[in-house]
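Student: Have a look at this one.
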Amino acid sequence: MAQISLTFPDGNSREYPAGITAGEVAADISKSLAKKAISATVNGAHFDLQWPITGDSAIAIHTLQDEVQANELVRHDLAHIMARAVQELWPDVKVTIGPVIKDGWYYDFDRQEPFTPEDLGAIEKKMKEIINLRDPVKTEVWDRDVAVKYYEERGEPYKVELIDSIPGDEPLRMYWHGDWQDLCRGPHLQHTGQVPADAFKLMNVAGAYWRGDSSRPMLQRIYGTAFTSKEKLKAHLTMLEEAAKRDHRKLGREMNLFHMQEEAPGQVFWHPNGWTIYTELQDYMRRKQRRGGYVEVNTPQVVNRKLWEASGHWGNYQENMFIVEVDEDHAREKTINALKPMNCPCHVQVFNQGLKSYRDLPLRMAEFGSCNRYEPSGALHGIMRVRGFTQDDAHIFCTEDQIEAETKIFIDFLADIYADLGFTGWTIKLSTRPEKRIGSEESWDRVEAALGNACKAAGYDYEIQEGEGAFYGPKLEFTLTDAIGREWQCGTLQVDPNLPERLDANYIGQDGDKHRPIMLHRAVLGSFERFIGILIENSEGKLPLWLAPRQVVVASIVSDADAYCLEVVEALKAKGIRAEADLRNEKINYKVREHSVGKVPYILACGMKEVEERTVSTRRLGEKQTKTQTMDEIVAELASVTTPPDKR
RNA sequence: GCUGCUGUAGCUCAGUGGUAGAGCACUCCCUUGGUAAGGGAGAGGUCGACAGUUCAAUCCUGUCCAGCAGCACCA
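Next up, the structure:
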């Protein structure tokens with residue numbers, strides 16, 4: 000038999016007969032490795048230990064210590080083990096697919112009755128039994144016809160459909176965990192006992208459409224989370240609890256920022272505290288935009304359907320619009336309007352007033368545009384996904400030649416704002432031409448290149464999302480990473496030659512002829528509502544000083560200090576600081592606790608000592624240490640730390 | 001929109017086929033206390049809405065509304 004040479008990660012290589020499996024190689028190295036080995040990477044691809052190696056290769060044998068591979072295998076085997084457990088408990092349940100996802104896996108089942116939380120407990124118990132069986136994992140390559148026939152006989156239509164969708168040249172692999180069998184690409188562990196039995200947990204059940212298609216049957220999806228050790232599972236569960244503490248819906252209530260109620264689903268009732276954040280952020284954005292060369296406009300909320308027909312929204316977006324019918328007296332027919340879901344058509348109307356010259360371009364037209372969209376009920380989520388919201392929207396009217404420069408200017412503008420708001424980690428994605436599109440290939444070539452070049456010129460890399468652009472033009476998406484690693488797509492820049500065409504926008508060029516401008520739709524925050532939700536979750540409610548709704552509370556320790564507390568509050572207010580007094584008949588411990596829970600960044604306590612010395616006892620949120628400062632000192636300090644970043 | 005779950009006091013949640021309870025918050029009283037909950041008393045609810053079953057429904061059934069998780073959606 001031919002010999003092959005296998006090179007190990009340490010650079011050493013050994014000769015083996017061709018067709019040897021990674022498991023046999025592990026056994027050749029040591030008995031303990033043979034036992035601990037879970038899989039192997041051969042020439043960069045991840046295989047299980049049963050896979051024969053046919054040529055010279057670089058090989059690395061993995062154990063549970065190799066986090067990346069171990070997580071994948073453990074989660075993948077757990078998906079199979081769970082499916083087996085479910086079928087052992089309820090033999091009539093049909094299996095579908097069960098992939099590995101971030102932090103775990105899921106498996107979709109077709110079953111008449113819903114799974115209950117008690118069922119999850121039973122499944123988990125059964126899974127542990129299966130793990131303890133230490134059933135060897137076996138694999139075979141099957142002929143398509145055999146596999147189809149097998150699944151047809153077993154009444155597993157979903158598997159048959161899956162086989163049909165696997166390309167004909169791809170071998171069909173079958174895997175066994177004991178007697179239980181599943182169609183699977185692999186790789187898998189040596190035996191079920193290699194799964195750490197105390198490092199997984201079934202999380203929840205939810206509906207999911209077969210193949211992600213809302214016109215197809217809804218299946219029941221069970222989610223699980225798994226790691227390579229009990230400690231890592233525990234750390235993950237703790238992290239989930241931490242994330243729950245940041246929930247903006249919970250903090251919004253606790254900090255008295257806003258509420259929502261049945262009569263206005265998906266719309267926000269902003270309370271004084273929340274509205275303070277909103278207006279501070281908006282004032283900041285307005286200052287930035289003015290300095291960034293934008294003109295600000297404001298356009299109507301309720302607009303006749305004629306405009307939406309002309310813009311194309313009536314045809315493409317109608318089910319997402321609030322339609323308003325007005326039955327005017329003596330009118331022959333009802334007037335039909337729609338609440339604007341976007342600002343762009345209205346901005347073109349402003350652009351179209353008066354004849355524009357090439358000298359007017361680029362024209363950066365901004366609006367804090369209040370929009371209403373009839374979002375599907377299931378999509379609503381706190382203030383993050385709402386039906387009424389305000390965008391930090393702008394449209395840049397320009398020539399095609401100006402796209403690159405305008406894009407670069409925008410990226411710099413956005414980077415500056417994200418930095419001011421405390422987000423340093425963010426990425427750019429460039430979405431390119433989709434299959435269904437308008438416009439010439441040459442124009443797509445030029446515009447996509449312009450966006451890419453602008454990113455590079457601004458000093459940023461970007462990831463390409465092939466085919467994800469709008470039908471009329473490519474776009475950039477700006478995604479920021481929050482304090483606990485979650486990603487939020489906020490900023491966007493979209494190239495649009497279509498709407499100016501539909502709404503007949505034009506300008507007089509240097510040549511004296513009429514020309515069509517291009518529109519760049521762009522936003523930095525996205526919507527104020529969603530962005531404030533992100534700010535709350537990112538900061539766990541401890542907002543930057545300049546955005547904190549209540550910046551200082553001056554709390555009296557004894558009632559004889561009340562008058563002095565009011566004097567301190569007045570001195571702070573005179574500097575524009577949001578200060579209030581807490582003169583309630585409560586102990587200082589109580590007041591400190593309450594305002595700490597309420598995320599007030601500064602608590603100034605005053606007793607008779609402070610009254611006599613004209614000082615305050617300063618305590619910053621989260622610090623146990625207090626410090627005594629004179630009134631002048633604290634007023635100056637707060638005036639400085641509450642200054643918005645663009646005014647520093 | 002789809003599947004499942006949930007809806008009881010301002011908040012967090014118990015509970016029962018015979019019209020309801022706790023803790024915190026709130027109001028009042030006592031207490032003037034030095035940096036994360038001092039003590040006492042009181043007030044507060046058409047039990048999400050509408051139908052049905054029943055002598056009787058907050059509880060059982062149905063429809064609707066809203067929320068939660070996931071899916072789908074986010075021209």
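So in numbering that gives the first Met the number 0, spot 229 of the first sequence is number 228, and the numbers just go up one at a time. Ideal Cβ placement from N, Cα and C applies to all residues, glycine included. Please read these numbers as outputs of a predicted model, since none were measured by experiment.
(1) Taking its Cβ as the centre, do 16 or more other Cβ atoms sit within 10 Å of serine 558, making it buried, or is it exposed?
(2) Helix, strand or coil: which one does DSSP assign to leucine 544?
(3) Between the segment 622 to 637 and the segment 278 to 293, do at least 3 Cβ pairs fall closer than 8 Å?
(4) Considering only C-alpha positions, which residue in the set Asn351, Gln352, His312 is nearest to asparagine 336?
(5) My output table needs one value for phenylalanine 367: the three-state DSSP class, helix, strand or coil.
(6) Using the C-alpha atoms, what's the distance from asparagine 537 back to histidine 380?
(7) Return the bridge partner residues of threonine 491 from the DSSP annotation.
(8) Can the beta-carbon of threonine 478 be found closer than 8 Å to that of glutamine 464?
(9) Do valine 551 and alanine 578 have their beta-carbon atoms positioned less than 8 Å apart in this structure?
(10) Within 10 angstroms of the Cβ of tyrosine 589, are there 16 or more other Cβ atoms? Answer buried if so, exposed if not.
(11) Going by beta carbon distance, what residues of the same chain come within less than 6 Å of arginine 529, once the five residues before and after it are set aside?
(12) Give the straight-line distance between the Cα atoms of aspartate 168 and glutamate 151, rounded to the nearest whole angstrom.
(13) With three or more C-beta pairs closer than 8 Å as the rule, is the segment 89 to 98 touching the segment 129 to 137?
(14) Determine the closest residue to valine 41 out of Ala418, Ile19, Ser29, with distance taken between C-alpha atoms.
(15) Would you list the one or two residues that DSSP bridges to proline 135?
(16) Report yes or no: do three or more beta-carbon pairs, one from the segment 95 to 108 and one from the segment 218 to 225, lie closer than 8 Å?
(17) Ends of the beta strand (DSSP E) at lysine 305?
(18) With a floor of 3 residues, list each beta strand (DSSP E) that falls wholly inside the segment 441 to 467, ordered by position along the chain.
(19) Can you tell me which of Asn342, Tyr283, Gly292 puts its alpha carbon nearest to the alpha carbon of lysine 306?
(20) Here's the rule: buried if 16 or more other CB atoms are within 10 angstroms of the residue's CB, otherwise exposed. What is alanine 84?
(21) Indicate the three-state DSSP secondary structure (helix, strand or coil) for glutamate 374 in the structure shown.
(22) Just list the alpha helix (DSSP H) runs in the segment 543 to 589, keeping only unbroken ones of 4 residues or longer that don't cross its boundaries, in chain order.
(23) For a quick check, are the C-beta atoms of leucine 603 and isoleucine 556 less than 8 Å apart?
(24) Using 8 Å as the cut-off, can you tell me whether the segment 229 to 241 makes contact with the segment 115 to 130, which would need three or more C-beta pairs spanning the two stretches below that distance?
(25) Where does aspartate 55 sit, in a helix, a strand or coil, going by DSSP?
(26) In the DSSP assignment, find the alpha helix (DSSP H) that holds methionine 607 and state where it starts and stops.
(27) Taking C-alpha atoms, which residue in Val599, Val610, Val446, Asn297 lies nearest to arginine 618?
(28) Assign phenylalanine 388 to buried or exposed, taking buried as 16 or more other Cβ atoms, counted over all protein chains shown, within 10 Å of its Cβ.
(29) My output table needs one value for serine 213: the three-state DSSP class, helix, strand or coil.
(30) Are the beta-carbon atoms belonging to valine 294 and leucine 498 less than 8 Å from one another?
(31) Can the beta-carbon of serine 356 be found closer than 8 Å to that of isoleucine 531?
(32) Apart from the five residues on each side of it in sequence, which residues of its chain come closer than 7 Å, Cβ to Cβ, to leucine 250?
(33) Considering Cα atoms alone, identify which of Gly597, Glu593, Asp561 is closest to alanine 580.
(34) Can you have a look at glycine 468 and say buried or exposed, based on whether 16 or more other CB atoms are within 10 angstroms of its CB?
(35) Select from Lys646, Leu542, Thr614 the residue whose C-alpha is nearest the C-alpha of tyrosine 277.
(36) To which residues of the same chain is valine 140 closer than 8 Å at the C-beta, ignoring the five residues directly before and after it?
Tutor: Looking at the coordinates:
(1) exposed
(2) coil
(3) no
(4) His312
(5) strand
(6) 17 Å
(7) Glu476, Ala522
(8) no
(9) yes
(10) exposed
(11) Met383
(12) 22 Å
(13) no
(14) Ile19
(15) His190
(16) yes
(17) Note, lysine 305: premise wrong, no beta strand (DSSP E); alpha helix (DSSP H) at 304 to 310.
(18) 461 to 464
(19) In the sequence as displayed, the identity of residue 306 is leucine instead of lysine. Out of Asn342, Tyr283, Gly292, Asn342 has the C-alpha closest to the C-alpha of leucine 306.
(20) buried
(21) coil
(22) 561 to 572
(23) no
(24) no
(25) coil
(26) 607 to 612
(27) Val599
(28) buried
(29) coil
(30) no
(31) no
(32) Ile535, Gly540
(33) Asp561
(34) buried
(35) Leu542
(36) Pro170, Leu171, Arg172, Met173
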